[in-house]
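Chains as they are written, first to last, in our numbering: chain F, 251 to 423; chain S, 7 to 198. Taking it in order: structure first as structure tokens, then the write-up.
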């Protein structure tokens with residue numbers, strides 16, 4: 251099928267597109283410098299939310315397609331294993347390297363070589379920008395889980411590129 | 007051939023329900039509503055090692071004197087319910103299964119449609135067309151015909167195809183009413 255590079259390039263453009271349109275839309279009074287930083291933080295938060303919501307909707311559709319032919323899931327752990335193996339393989343062509351849980355609704359998915367970050371330098375230079383590139387994938391996981399009936403909060407952290415950890419907090423109703 | 011087809015969301019409200027237009031369609035809505043209990047029972051029974059199938063198809067939910075009700079639950083907890091006429095030549099199990107598979111495929115397409123918000127009523131024409139192909143074409147008394155001019159272009163093509171298909175059986179094609187079933191506004195929208 252299509253090369254992985256296509257999605258990677260599209261994703262990078264998407265991130266920069268969202269941030270660029272936020273920049274163009276913003277209106278701030280240049281006199282107040284400390285307000286600008288606050289404003290920037292807010293903008294950053296808004297863009298990340300936008301990317302996450304995009305991922306959410308895509309995740310819902312993807313999960314519907316991928317689980318069309320699979321057997322019914324036994325429990326939550328089964329669903330998380332499906333996400334780590336089949337879902338991740340279909341989207342990123344590799345599996346999650348490590349899945350940890352405390353059996354009380356918190357799962358940590360560790361990917362040692364996250365596809366969307368491999369093209370960036372492996373040092374500290376772009377560490378702070380990495381979170382922008384993880385937002386879509388967080389939404390993807392959250393959307394997939396929500397369609398399978400699990401409400402969750404997904405966050406991501408990068409300690410050293412290109413490894414990253416996704417933390418999934420299941421919300422019991 | 008089904009008499010009524012329904013797609014129920016995981017919060018148990020209908021996303022799509024269509025029945026063959028007869029005098030009392032509420033009866034079908036009621037039947038689908040009561041079958042939800044049976045579906046829930048079957049899903050929870052699967053948790054225990056009783057039925058180790060882990061299949062999506064649930065099979066015959068319950069038979070009444072005139073109709074049989076079949077169920078199917080997807081992994082995203084969306085339920086498909088189909089009511090079939092009992093007096094019909096006994097539809098084989100794998101025919102029902104293939105009808106559910108077609109439903110599931112069309113539902114997946116609807117889900118991936120970026121203009122569709124999950125949780126809304128399904129209004130896709132492609133989905134409508136697929137469901138029409140599975141429903142019984144209600145037989146109208148000879149001599150009546152639907153005004154050709156009242157149909158839209160897509161409907162005309164559809165009716166034309168049906169007419170040629172049924173021509174050899176000597177049945178009149180039904181025309182428009184099979185395509186726009188009444189959407190249920192009587193079901194309470196329960197968003198839990």
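The beta carbon of each residue, even a glycine, is placed where N, CA and C say it ideally should be.
Measuring only between beta-carbons, confirm whether residue 349/F sits less than 8 Å from chain S.
At a cut-off of 8 Å between beta carbons, residue 349/F makes no contact with chain S.
List the whole-angstrom C-beta distance separating residue 414/F from residue 384/F, where the pair is believed to meet the contact cut-off of C-beta under 8 Å.
The C-beta separation of residue 414/F from residue 384/F comes to about 6 Å, placing the pair in contact by the 8 Å criterion.
Would you check if the distance between the CB atom of residue 382/F and the CB atom of residue 298/F is smaller than 8 Å?
Taking 8 Å as the Cβ cut-off, residue 382/F and residue 298/F qualify as a contacting pair.
Could you work out which residues of chain F lie near residue 108/S, taking near to mean beta carbons separated by less than 7 Å?
Neighbours of residue 108/S in chain F, taken as residues whose beta carbon is under 7 Å from its own, are absent, since the nearest beta carbon is some 12 Å off.
C-beta neighbour in chain S for residue 392/F, strict 8 Å
Using a CB distance cut-off of 8 Å, residue 392/F does not count as an interface residue toward chain S.
With a 10 Å radius around its C-beta and 16 neighbouring C-beta atoms as the bar for buried, classify residue 302/F as buried or exposed.
The residue in question, residue 302/F, is buried, as its Cβ has 16 or more Cβ neighbours within 10 Å.
Return no unless some Cβ of chain F is closer than 8 Å to the Cβ of residue 48/S.
Residue 48/S is outside the set of residues whose beta carbon lies under 8 Å from a beta carbon in chain F.
In the DSSP assignment, find the unbroken beta strand (DSSP E) run with residue 407/F in it and report its ends.
Counting along the chain, the beta strand (DSSP E) containing residue 407/F begins and ends at 402 to 410.
In the DSSP output, which residue or residues are listed as bridge partners for residue 45/S?
None, per the DSSP bridge assignment.
Kindly indicate which residue of 8/S, 120/S and 46/S has the alpha-carbon position closest to the one of residue 25/S.
Checked all of 8/S, 120/S and 46/S; the closest Cα to residue 25/S is 8/S.
Closest by CA to residue 83/S, which one among 32/S, 48/S and 27/S?
The closest CA to that of residue 83/S, considering only 32/S, 48/S and 27/S, is found on 48/S.
What are the boundary residues of the beta strand (DSSP E) that residue 125/S is part of?
Counting along the chain, no beta strand (DSSP E) covers residue 125/S, and no H or E run does either.
CB residue 400/F to CB residue 356/F, shorter than 8 Å?
Cβ atoms of residue 400/F and residue 356/F: not closer than 8 Å.
Considering only DSSP beta bridges, list what residue 90/S is partnered with.
The beta-bridge partner set that DSSP reports for residue 90/S consists of 8/S and 74/S.
Nearest to residue 335/F (by Cα), restricted to the options 300/F, 346/F and 326/F:
Each of 300/F, 346/F and 326/F was checked against the Cα of residue 335/F, and the nearest Cα belongs to 346/F.
Contact between the segment 369 to 383 of chain F and the segment 258 to 269 of chain F: three or more CB pairs below 8 Å?
The segment 369 to 383 of chain F is in contact with the segment 258 to 269 of chain F.
Restricting to Cα atoms, I'd like to know which of 33/S, 42/S and 28/S is closest to residue 19/S.
For residue 19/S, the closest of 33/S, 42/S and 28/S by C-alpha to C-alpha distance is 42/S.
Please name the residues in the segment 313 to 339 of chain F whose beta-carbon is closer than 8 Å to at least one beta-carbon of chain S, in chain order.
Taking 8 Å as the Cβ-Cβ cut-off against chain S, the residues of the segment 313 to 339 of chain F that qualify are 313, 314, 315, 317, 318, 320, 321, 322, 323 and 324.
Report the neighbours of residue 16/S on chain F: residues whose CB is nearer than 8 Å to its CB, in chain order.
In chain order: 399.
Tell me whether residue 175/S sits in a helix, a strand or coil according to DSSP, three-state version.
With a pLDDT of only 49 at residue 175/S, under the threshold of 50, the placement of this residue in the model should not be trusted; the figure read from the coordinates follows. Here DSSP, grouped into helix, strand and coil, assigns residue 175/S to coil.
Nearest CA to the CA of residue 270/F: which residue from 288/F, 287/F, 359/F and 294/F?
Minimum Cα distance to residue 270/F is reached at 294/F.
How should residue 403/F be labelled, buried or exposed, when 16 other C-beta atoms within 10 angstroms of its C-beta is the threshold for buried?
Looking at its Cβ environment, which holds fewer than 16 other Cβ atoms inside 10 Å, residue 403/F is exposed.
For the alpha helix (DSSP H) that residue 105/S lies in, which residues bound it at each end?
99 to 118 is the span of the alpha helix (DSSP H), which, as asked, contains residue 105/S.
C-alpha gap between residue 422/F and residue 140/S, whole angstroms
Each residue's Cα considered, the two are about 40 Å apart.
Please state whether the Cβ-Cβ distance between residue 110/S and residue 318/F is less than 8 Å.
Cβ atoms of residue 110/S and residue 318/F: closer than 8 Å.
Can you pull the DSSP bridge partners for residue 415/F?
In the DSSP assignment, the residues bridged to residue 415/F are 360/F and 407/F.
Who are the near neighbours of residue 398/F in its chain, counting only those whose CB is closer than 8 Å to its CB and skipping five residues on each side?
Counting only Cβ-Cβ distances below 8 Å, and skipping sequence neighbours, we find 313, 317, 323 and 329.
So, is residue 283/S buried or exposed, given that buried needs 16 or more other C-beta atoms within 10 angstroms?
With chain S represented from 7 up to 198, any question about residue 283/S goes unanswered, as that position is not in the structure.
Going along chain S in order, which residues have a C-beta closer than 7 Å to the C-beta of residue 311/F?
Per Cβ cutoff of 7 Å: 117 and 118.
Return yes when the Cβ of residue 306/F is within less than 8 Å of the Cβ of residue 359/F, no when it is not.
Between residue 359/F and residue 306/F, the C-beta spacing is not below 8 Å.
Chain-ordered chain F contacts of residue 83/S [CB-CB under 7 Å]:
Simply 399.
Which residue comes first and which comes last in the beta strand (DSSP E) that contains residue 23/S?
Its beta strand (DSSP E) spans residues 20 to 25.
Applying the 10 Å Cβ sphere with the 16-neighbour rule, what's the burial state of residue 35/S?
Looking at its Cβ environment, which holds 16 or more other Cβ atoms inside 10 Å, residue 35/S is buried.
To the nearest whole angstrom, what separates the beta carbons of residue 137/S and residue 11/S, a pair I think is in contact under 8 Å?
About 5 Å separates the two Cβ atoms, so the contact holds.
One question on the structure: do residue 23/S and residue 85/S come within less than 8 Å of each other, judged by their Cβ atoms?
Against a cut-off of 8 Å, the Cβ pair of residue 85/S and residue 23/S comes out as no contact.
Does DSSP put residue 322/F in a helix, in a strand, or in coil?
Residue 322/F falls in the coil class under three-state DSSP.
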